[in-house]
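Enquirer:
2 protein chains.
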Amino acid sequence: MTEVLPNFIKNRALLTPDREAIVYKKERLTFKELYEKAYYRAGILTAFGIKDTDYVGFLVKSDLETVLHLFAMQIIGAKAVLLNNRLTAKEMAFQLTDANATFLITEEDFQENALLLKKELEISVFYKEGIEDSSYIEPIEKEQLALDEACTIMYTSGTTGLPKGVIQSYGNHWWSAMGNTLNAGLYEKETWLCAVPLFHISGFSILMRSIIYGMKIVLHDGFNEHKILHDLWEERVTIMSVVTTMLERIEQAANERFPTYFRYMLLGGGPATVELITRCINKGIRVYYSYGMTETSSQIVTLSPEDSIRKIGSAGKALFPAQLRIVNDLGEVLGQNEVGEIKVCGPNVSRGYLNKENHLKDGWFFTGDIGYIDSEGFLYVLDRRSDLIISGGENVYPAEVEAVLTEMEGIREAAVIGVPEEQWGQVPVAFVVADGRVCSEKSIMENCEKSLAKYKIPQRVFFVSEVPRNASGKIVRRDLRKWVEEQKNL
Amino acid sequence: MTEVLPNFIKNRALLTPDREAIVYKKERLTFKELYEKAYYRAGILTAFGIKDTDYVGFLVKSDLETVLHLFAMQIIGAKAVLLNNRLTAKEMAFQLTDANATFLITEEDFQENALLLKKELEISVFYKEGIEDSSYIEPIEKEQLALDEACTIMYTSGTTGLPKGVIQSYGNHWWSAMGNTLNAGLYEKETWLCAVPLFHISGFSILMRSIIYGMKIVLHDGFNEHKILHDLWEERVTIMSVVTTMLERIEQAANERFPTYFRYMLLGGGPATVELITRCINKGIRVYYSYGMTETSSQIVTLSPEDSIRKIGSAGKALFPAQLRIVNDLGEVLGQNEVGEIKVCGPNVSRGYLNKENHLKDGWFFTGDIGYIDSEGFLYVLDRRSDLIISGGENVYPAEVEAVLTEMEGIREAAVIGVPEEQWGQVPVAFVVADGRVCSEKSIMENCEKSLAKYKIPQRVFFVSEVPRNASGKIVRRDLRKWVEEQKNL
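Chains as they are written, first to last, in our numbering: chain A, 10 to 499; chain B, 10 to 499.
(1) Tell me the residue span of the beta strand (DSSP E) that contains Asn404 (chain B).
(2) So what's Arg37 (chain B) in DSSP terms, helix, strand or just coil?
(3) Determine, using beta carbons only, whether Lys41 (chain A) and Gly86 (chain A) come nearer to each other than 8 Å.
(4) Return the CA-CA distance between Ile484 (chain A) and Trp184 (chain A), expressed in angstroms with no decimal places.
(5) Can you tell which of A:Leu241, A:Arg245, A:Gly278 and A:Ala186 has the C-alpha that lies nearest to the C-alpha of Ser219 (chain A)?
(6) First and last residue of the beta strand (DSSP E) that includes Ser178 (chain B)?
(7) Please classify Pro314 (chain B): does DSSP put it in a helix, a strand, or coil?
(8) Using the C-alpha atoms, what's the distance from Asn357 (chain B) back to His182 (chain B)?
(9) Just how far apart, CA to CA, sit Pro314 (chain B) and Thr25 (chain A)?
(10) Whose Cβ in chain B lies nearer than 7 Å to the Cβ of Thr190 (chain A)?
(11) Fully enclosed by the region 256–341 of chain A, which alpha helix (DSSP H) runs are 4 residues long or longer?
(12) Pick helix, strand or coil for Trp184 (chain A), following the three-state DSSP scheme.
(13) Could you compute how far the alpha carbon of Ile379 (chain A) sits from the alpha carbon of Ala327 (chain A)?
(14) Do the CB positions of Ala204 (chain A) and Ser178 (chain A) come within less than 8 Å of each other?
(15) Locate the beta strand (DSSP E) running through Lys225 (chain A), then write down its first and last residues.
(16) Since Ala89 (chain B) contacts Thr161 (chain B) with CB under 8 Å, what's their CB separation in whole angstroms?
(17) On the criterion of 16 or more Cβ atoms from any shown chain inside 10 Å, does Val413 (chain A) qualify as buried, or is it exposed?
(18) For Ser133 (chain A) and Glu116 (chain A), I'd like the C-alpha separation in whole angstroms.
(19) In the DSSP assignment, the alpha helix (DSSP H) including Thr75 (chain B) goes from what residue to what residue?
(20) Between Glu458 (chain A) and Thr165 (chain A), what straight-line distance do the alpha-carbon atoms span, to the nearest angstrom?
(21) Give me, in chain order, the residues of the same chain whose beta-carbon lies closer than 8 Å to that of Val348 (chain B); leave out the 5 immediate sequence neighbours on both sides.
(22) Counting only Cβ-Cβ distances shorter than 9 Å, please list the residues of the region 326–353 of chain B near chain A, keeping chain order.
(23) Going by beta carbon distance, what residues of the same chain come within less than 7 Å of Ala123 (chain B), once the five residues before and after it are set aside?
(24) First and last residue of the beta strand (DSSP E) that includes Ala443 (chain A)?
(25) Can you give me, in chain order, the residues of the region 14–36 of chain B that have a beta carbon less than 7 Å from any beta carbon in chain A?
(26) Out of A:Ser214, A:Leu14 and A:Lys173, state which residue places its alpha-carbon closest to the alpha-carbon of Glu366 (chain A).
(27) Ala89 (chain B) lies in the beta strand (DSSP E); which residues open and close that run?
(28) Pro200 (chain A): which of A:Lys352, A:Leu339, A:Arg272 and A:Asn189 sits nearest, CA to CA?
(29) Kindly say whether Pro268 (chain A), judged by its beta-carbon, lies nearer than 8 Å to any beta-carbon of chain B.
(30) Is Ile221 (chain A) closer than 8 Å to Phe17 (chain A) when the C-beta atoms are compared?
(31) Buried or exposed: where does Ile146 (chain B) fall if 16 or more other Cβ atoms within 10 Å of its Cβ makes it buried?
(32) Compare the C-beta of Glu12 (chain A) against all C-beta atoms of chain B and say whether one is closer than 8 Å.
(33) Does Ile398 (chain A) come within less than 8 Å of chain B when only Cβ atoms are used?
(34) Mind reading off the beta-carbon distance from Val353 (chain A) to Ile309 (chain A)? Whole number of angstroms is fine, and I expect it under 8 Å.
(35) Pull up the CB-CB distance for Asn93 (chain A) and Phe208 (chain A), whole angstroms please, since I reckon it's below 8 Å.
(36) Suppose the cutoff is 7 Å on Cβ atoms and the five residues either side in sequence are ignored; what does the same chain contact list for Ala108 (chain B) look like?
Structure, rendered in structure tokens:
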């Protein structure tokens, strides 16, 4: 039997009404105010026609109004389909169609794409800026939440190149929040600075923790290390989520030692170097390195600060409610230090993709990532699934980019890999086999802009006579990576 | 679908093997050592014949060996039936028979009762002291726990006078621990002093929190305020569970202000006076007053320190995962400040009593307690169910004592109430109607000793010509309480 809990946002307002909930620029709301404002928006959205059974696209930036609309969805029980706002209209259309979304909540800055989507999909578009003039119908509030109900949908690609909608239930978010607390504790006046996008699980999970823990969020609409350092002291921030490039820039900009109330940086999307961790420690910045993905509703394996030097390179141990195994191609569990595929299970793991068959095997999710567990139980991730490229915290799936490239005129074959880059950690580069027709690096890049978000577009295109493949026809990307490395050393 | 988690004790040893788990007198164990020792005992108990499906009585004191045996049960998945060690053999026999227990784990100090039980019930008795000489069979370890599996059975009486076995699942204990953390936080180096009995939910729940949180326990084998104050500093205790009489004695014995790392007293079993709370505050002792029962797997409603003076007398608000309503006799939910029966629901609430029909109504547990919720959402408990008497933290059910009294020769009718008493908060006193045969206060008390635990035996017996009853024949206990009060004032 799935558990039923009181509606999180309403319950939080009941329990700690006067506690500060969120700070965004000059605005500050308590949990009571947060709830009341979200409730009002739930009424506006109800008048707009949104019901509990609806899937509603969100094409928005990270600001207070977005937070209020996201919580409004939870009050009525509608499901938010969170679009990465850097995607092209074509990519968004695919996701909204797949999710059978009938509404889109957006803002004026995205009007161009919104108009395209409205035209193509016959979707009802609601602008956040419009709430002042909107009519209102008392919303039908969900008093209770069954933990297996869907809360959010976030798209992620895999080996196929076609994005799939990860269903994150209220329970997934709840258990993720519990796993985090059991690992890192929960302090009085906990304050989490959110400068990662709300449409990512890294950002959205902070919203959920806020209402579950009764914790203050300091919300930023983008990444600016100077503003972050300012608020760190001004708002007495205790925790912050970062990717490596953010951590690097914050550490460099920090002129003084971090205050003692700052507890830790939760680092995702690829490990940091010993050198960076050491610099952080010297400035009083504790770092929890973590491994997770959209399907695990944020971190599932986390390395504690006390192990961050001794176990550098490791992602840590599974959070308490979760489990972790390494398996071979036959699905057999491997022993200590044996390399294989990482599989995970736990109540924070998504039970499935939208409109897809159950992908779990006996409750286990096969990540596609390769790694091993050492004799002390620490996980080391050697290779991200599907040769995932992480560029500035954004996931780029080679298969998705390759699919776009091979559809272009003049290209017979394509292979995409990530190469190290100072600012973003990694950037994608492409190897293409021309079919004899005219085609240039520039024309390929321009063509990509129609179908791919900017961060997915190859930064370089190399023309090759063939793409290296193994016996079963799979691209051998490590040969390409080796080649790029050699070029550098020349 | 019920959630499946890794076996708590094993998982904790994997996650934080070297963290200190428990301190008992001169002994100290890390989580790895705790697990290994419990695992060894699981092997001994396996050799003794105990399997996962067995219900095993525990007639024990609070010491390290008891803790190890209780965790051994969880390793093999057997269910512990926790007997209050102050009960008479007759009371214990009832509970063990009702639970269909085939094994009893006990210690030499309880040999007299154990022998009686062995003879009467044909139960296999295992002495904790015997593990040195016992044979060992590798235990079949439960790697995972489904949260709806039974973990412990604790008996509690109700209006009927016959004790019922409350089934507490792993999930009940888990969610109770989560509710506590979301209310009170979870700190690094959290240390909980346990001087309440392990056979009560107040004590047992500390064991569960320890392995779920990875938190150190300082275990005492009884209540001694001087030893408590010694360990408070020596072991840097952050939290402690108390009943009012314990709090009173600790506060009086404390010669200096409590250290700042001490976080709070979790107070159960009846509220404290403003005067006591004020004295506590002056000594730096924060108090969380809470309301709960065996059926809710410890606290379900808790008052935070920031409200402890302003809302004195209130039990606080429901813990996050739980819900709370006041209903009238028709089961209709009442509004603010309206007095009625308290009903609760949540994943920490027991799903049922052993061998009894489901007692929940649409998932709600009707506590039998009377109270109201004020305009801010705070609960006030006016009357404990079945006129429950709480004497030094132990529950005494008038109906149970009355049933014993009316079975005695010479007594026609009996009524039992609690009266205020300095040391224990309350003690039971009886009113009896003689049937004409010889019977004295002394003989009644002596007779009670055969059937009732000491704390349940009436401290005074008053002979009356009749017991006050209302139209439906129910005893009007408030008339008796009033009479006792008037005697005092004479």
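Cβ coordinates follow ideal geometry from the N, Cα and C atoms, glycine included.
A quick note: this is a predicted structure, and the numbers were derived from the prediction, not measured.
Expert: To lay it out plainly:
(1) Judged by DSSP secondary structure, Asn404 (chain B) falls within the beta strand (DSSP E) whose first and last residues are Glu403 to Val405.
(2) Three-state result, Arg37 (chain B): strand.
(3) It is not a contact, given that the beta carbons lie outside the stated cut-off.
(4) Distance between the alpha carbons of Ile484 (chain A) and Trp184 (chain A) is about 37 Å.
(5) When A:Leu241, A:Arg245, A:Gly278 and A:Ala186 are compared, the shortest CA-CA separation from Ser219 (chain A) is found for A:Ala186.
(6) Taken as a continuous stretch (DSSP letters only), the beta strand (DSSP E) holding Ser178 (chain B) covers Lys173 to Ser178.
(7) Three-state result, Pro314 (chain B): helix.
(8) Straight-line Cα distance between these residues: approximately 6 Å.
(9) Taking the CA atoms as reference points, Pro314 (chain B) sits about 13 Å from Thr25 (chain A).
(10) What Thr190 (chain A) touches in chain B: Thr190 and Leu195.
(11) Within the region 256–341 of chain A, the complete alpha helix (DSSP H) runs of at least 4 residues are 283–291.
(12) In the three-state reduction of the DSSP assignment, Trp184 (chain A) falls in the helix class.
(13) If you draw a straight line from the Cα of Ile379 (chain A) to the Cα of Ala327 (chain A), it comes to about 16 Å.
(14) Remark: C-beta atoms of Ala204 (chain A) and Ser178 (chain A) do not approach each other more closely than 8 Å.
(15) For Lys225 (chain A), the enclosing beta strand (DSSP E) begins and ends at Lys225 to Leu228.
(16) A Cβ-Cβ distance of about 5 Å is found for the pair Ala89 (chain B) and Thr161 (chain B), placing them in contact under the 8 Å criterion.
(17) By the 10 Å Cβ count, Val413 (chain A) comes out buried.
(18) Distance between the alpha carbons of Ser133 (chain A) and Glu116 (chain A): 13 Å.
(19) If you look at Thr75 (chain B), you'll find it in the alpha helix (DSSP H) that goes Leu73 to Ile85.
(20) Approximately 19 Å between the Cα atoms of the pair.
(21) Ile335, Ile379, Gly380, Tyr381 and Leu391, listed in sequence order.
(22) Correct list: Lys326, Ala327, Leu328, Phe329, Pro330, Ala331 and Gln332.
(23) Within the same chain, Ala123 (chain B) has close Cβ partners Leu68, Leu113, Thr115 and Val134.
(24) Ala443 (chain A) -> beta strand (DSSP E) spans Gly434 to Ala443.
(25) Cβ contacts with chain A: Leu14, Pro15, Asn20, Leu23 and Leu24.
(26) Answer by Cα proximity: A:Lys173.
(27) Its beta strand (DSSP E) spans residues Lys88 to Leu91.
(28) Just to set this straight, residue 200 (chain A) is Thr in the shown sequence, not Pro. The option with the nearest alpha carbon to Thr200 (chain A) is A:Arg272.
(29) By this cut-off, Pro268 (chain A) is not an interface position.
(30) Yes, Cβ-Cβ distance for Phe17 (chain A) and Ile221 (chain A) is below 8 Å.
(31) With fewer than 16 Cβ atoms within 10 Å of its Cβ, Ile146 (chain B) is classed as exposed.
(32) Proximity of Glu12 (chain A) to chain B, defined by a Cβ-Cβ separation below 8 Å, is satisfied.
(33) For Ile398 (chain A), not one C-beta of chain B is nearer than 8 Å to its own C-beta.
(34) That pair is a contact at about 5 Å.
(35) Right, their Cβ atoms sit about 6 Å apart.
(36) Cβ within range, chain order: Tyr64, Val90, Ile162, Gly174 and Leu363.
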